[in-house]
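Residue numbers (our numbering): 153 to 315.
Positions of the beta carbon are idealized from the N, C-alpha and C atoms, including for glycine.
All remarks here apply to the structure that follows.
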Ligand code: COA
């Protein structure tokens with residue numbers, strides 16, 4: 153059985169992430185979507201909120217997707233879960249250098265685990281969670297950037313901040 157993992161902070165999940173999840177699912181038997189607990193980034197949404205977004209938007213059980221969280225090194229978690237490959241999305245050339253370094257480091261830590269890169273769809277190549285949060289915080293339209301459930305959560309979060 154080929155087990156893949158798609159790690160990230162997903163704060164929040166975007167249509168770009170969903171595109172990678174759908175395509176990654178097709179190249180493995182079981183896909184773990186893994187929310188990092190120890191990201192250095194200050195998050196807008198709690199881990200539980202991010203897990204709920206992924207659950208609601210991916211219909212996970214039906215699609216052979218398992219949502220997990222991990223803490224510490226990704227490579228160690230992958231070994232524990234017998235993961236065969238790590239999936240990463242490449243949006244543009246600027247992602248490459250960073251991803252290359254991480255992939256080499258992960259290979260050093262876990263030589264049997266491959267990193268597979270998927271090119272983001274052109275229409276999603278400029279999206280990042282930060283851009284989505286910034287636009288949403290000013291009341292801008294993010295309906296083409298995130299799933300509807302995430303859009304609703306962003307609206308609730310930012311209207312709560314403003315009021
Ligand atoms: N579509 C849209 N946005 C995407 C995307 C895609 N296909 N792929 C990445 N992004 C966005 C993310 O939303 C994120 O946006 P943000 O910076 O505005 O929040 C940004 O691109 C960077 O994404 P990514 O590189 O995946 O960072 P991340 O914080 O989401 O996740 C981890 C990074 C958690 C996977 C990584 O830090 C990790 O493995 N940490 C554990 C410790 C470890 O083992 N480190 C590696 C060894 S050194």
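Notebook entry, point to check: With a cut-off of 8 Å, do at least 3 Cβ pairs link the region 259-270 to the region 286-293?
Noted result: no
Check: Are residue 202 and residue 171 close, meaning C-beta to C-beta below 8 Å?
Finding: no
Note to self: Using CA atoms only, rank isn't needed, just tell me which of 240, 253, 157 is closest to residue 185.
What the structure shows: 157
Note to self: Just to confirm before moving on: does the CB-CB distance between residue 254 and residue 237 stay below 8 Å?
What the structure shows: no
Margin query: Distance check for residue 252 and residue 174, CA to CA, integer angstroms please.
Written below: 23 Å
Notebook entry, point to check: Comparing alpha-carbon positions, which option in 281, 304, 306, 176 lies nearest residue 215?
Noted result: 176
Notebook entry, point to check: Got a sec: does ligand 1 put a non-hydrogen atom nearer than 7 Å to the Cβ of residue 193?
Noted result: yes
Check: Just to confirm, does residue 182 get its C-beta within under 7 Å of one of the non-hydrogen atoms of ligand 1?
Finding: no
Next item on the list: Out of 285, 296, 209, state which residue places its alpha-carbon closest to the alpha-carbon of residue 308.
Entry: 285
Check: With respect to the alpha helix (DSSP H) encompassing residue 149, which residues constitute its N-terminal and C-terminal limits?
Finding: Any question about residue 149 goes unanswered here, given that the chain covers just 153 to 315.
Item checked: Endpoints, the alpha helix (DSSP H) within which residue 256 is located -> 245-261
Item checked: Opening and closing residue of the beta strand (DSSP E) in which residue 294 lies -> No beta strand (DSSP E) contains residue 294, which DSSP labels as neither H nor E.
Notebook entry, point to check: Would you report the Cα separation of residue 223 and residue 231, rounded to the nearest angstrom?
Noted result: 13 Å
Margin query: Please tell me whether residue 182 and residue 155 are closer than 8 Å, where the distance is taken between their beta carbons.
Written below: yes
Notebook entry, point to check: In or out: residue 276 buried (at least 16 other Cβ within 10 Å) or exposed?
Noted result: buried
Next item on the list: Starting from residue 184, follow its DSSP beta bridges and name the residues at the other end.
Entry: 157, 218
Next item on the list: May I have the straight-line CA-CA distance separating residue 187 from residue 248, to the nearest angstrom?
Entry: 21 Å
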